[in-house]
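Under the numbering used here, the residues of the sequence shown are numbered 2 to 401, in order.
Take a look at the structure set out below.
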Amino acid sequence: MAIIQGANSLIDVSQAHIDGCLYTGPATLLFAQQLCKWGARVRIPATLNSISIDRGRWVVQGIKASLAEPAGQLADAYVEMGARPTYTCAPYLLDSAPASGAQVVWAESNAVVYANSVLGARTMKYPDYLDICIALTGRAPNAGCHIKSNRQARIAISVPPVSNADDALFPLLGYVVGDIAASRIPLVTGLEATPISNDNLKAFGAAFATTSSAPMFHVAGITPEASTAVDQARHLSSSTSTVALAHDDLVMAWRKLDSGASTTVDLVALGNPHASYTELAQLAALCSSCTKSPNVALVVTCGRETYERAASDGFIDTLAAFGAQIITDTCWCMISEPVISPQAKTIMTNSGKYAHYGAGLTGRSMRFGSMEGCVRAACGEEVEKVVPEWLGGGGDDDGR
């Protein structure tokens, strides 16, 4: 792999996040079990990505043992090799999140993008199975985003002014920026005066990683490697092109994400990537303001550690009282029937990533909106087929 990537040397890495723990068939289990038979042990701290099941709830969820048992055995094999059973696609929310400049080996696209872009750690987009091989040796090819010069922006993308936007702005922007950037690392300008939280960057990055193959992005004045005027000037000098987004670009992207036609929602899907503590707190507050419709399911996925912290502060009880279902260990990219009811036809999400992939993964139509909009849908409100007012909305899906 190092030769293919043109690396002249290997480097020490301080931690790994392993995505190969997802069960997709017998070969995935045989691979991990064979490593265990050889006595394999990780040489660096390693965390595990989301797996195929919720290990504590799969029976009550109606998951077949033919999936749950090998999926659990696969997870156990990685734990036997010394990996930490975190089972989350958002390892940047863990107490083990790497510091800026740390050389790490992470898999899972949204996690890689967040590590590089927001944390300032250094990792390539590592594929399944190479991730565990590197964790067993503690050495990785000195290539890609491990090298500072390869982290330069290659395109500058300016964002138009948007007033009074809600949290749906950030996955929308990530989706558009990723599509334009393609394989190039972008510098995003125009958001310097916009309040942006880590949850916003999480949503931006996951949607960005959906449409772009680039391993990171920079946001002027926000992310660590574009926080100063000097940093931004360096990126601008290396950029091969400049693109100015227009409001029409955002409207077109909204219609792609909000692709479903039905105004009636059957399932609200939150937590792709896994919900953070602050997102669960926000969701609990929103759910306290209305009563869930018996005809709409609200399902949230999150990591085990986030769940325990939210539970200790009462947010899980609030969500359970509302009627929400909380799932840990697995994520929406692996969830299907019967967790998704066979009768459910339309799913609403606040995730740009899931709005993009959901129709193909589930065979359902997808609606997209803010977290508040998702809660309103869970309370039985119809979701009008319009772009939001902050995007100049008011017409129907055809712009009328």
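Glycine included, each C-beta is placed from N, C-alpha and C at the ideal position.
- Secondary structure note for Thr-87: it is in no alpha helix (DSSP H), with a DSSP letter that is neither H nor E.
- Note that the C-beta distance between Ala-17 and Ile-148 is not below 8 angstroms.
- In the DSSP annotation of this structure, the continuous segment of the alpha helix (DSSP H) that includes Thr-307 starts and ends at 305-313.
- For Met-367 and Ala-360, the gap between their C-alpha atoms comes out near 6 angstroms.
- Of all alpha-carbon atoms in Ser-15, Gln-104, Tyr-88 and Leu-170, the one lying nearest the alpha-carbon of Val-252 is that of Leu-170.
- According to the DSSP secondary-structure assignment, His-219 is paired through a beta bridge with Leu-188.
- Residue pairing by DSSP puts Trp-107 in a beta bridge opposite His-18.
- According to the DSSP assignment, Val-376 belongs to no beta strand (DSSP E) but to the alpha helix (DSSP H) extending over 372-379.
- Per DSSP, the continuous alpha helix (DSSP H) segment holding Pro-71 begins and ends at 66-81.
- In terms of Cβ geometry, Ile-348 and Thr-363 form a close pair [threshold 8 angstroms].
- Residue pairing by DSSP puts Ala-141 in a beta bridge opposite Ile-12.
- If you draw a straight line from the Cα of Gly-26 to the Cα of Tyr-88, it is about 18 angstroms long.
- If the five residues before and after Gly-394 are omitted, its C-beta is found closer than 6 angstroms to the C-beta atoms of Val-387 and Val-388, all from its own chain and listed in chain order.
- Judged by DSSP in its simplified three-state form, Ile-148 adopts coil rather than helix or strand.
- Scanning Asp-77, Val-301 and Ser-53 for the CA closest to the CA of Ser-67 turns up Ser-53.
- For Ile-54, the three-state secondary structure derived from DSSP is coil.
- Your pair Cys-380 and Leu-271 does not check out as a contact, with CB atoms roughly 14 angstroms apart and the cut at 8 angstroms.
- For Val-177, the CB contacts under 7 angstroms within the same chain, skipping 5 residues up- and downstream, are Leu-246, Asp-250, Leu-251 and Ala-254 in chain order.
- Contact between the region 29-43 and the region 144-163 is absent: fewer than three C-beta pairs spanning the two stretches fall below 8 angstroms.
- According to DSSP, Met-253 shares a beta bridge with no other residue.
- Among the bridge pairs identified by DSSP, Ser-366 is matched with Thr-347.
- Taking C-alpha positions only, Leu-287 is separated from Asn-351 by approximately 14 angstroms.
- Shown here, Val-244 sits in a strand according to DSSP, grouped into three states.
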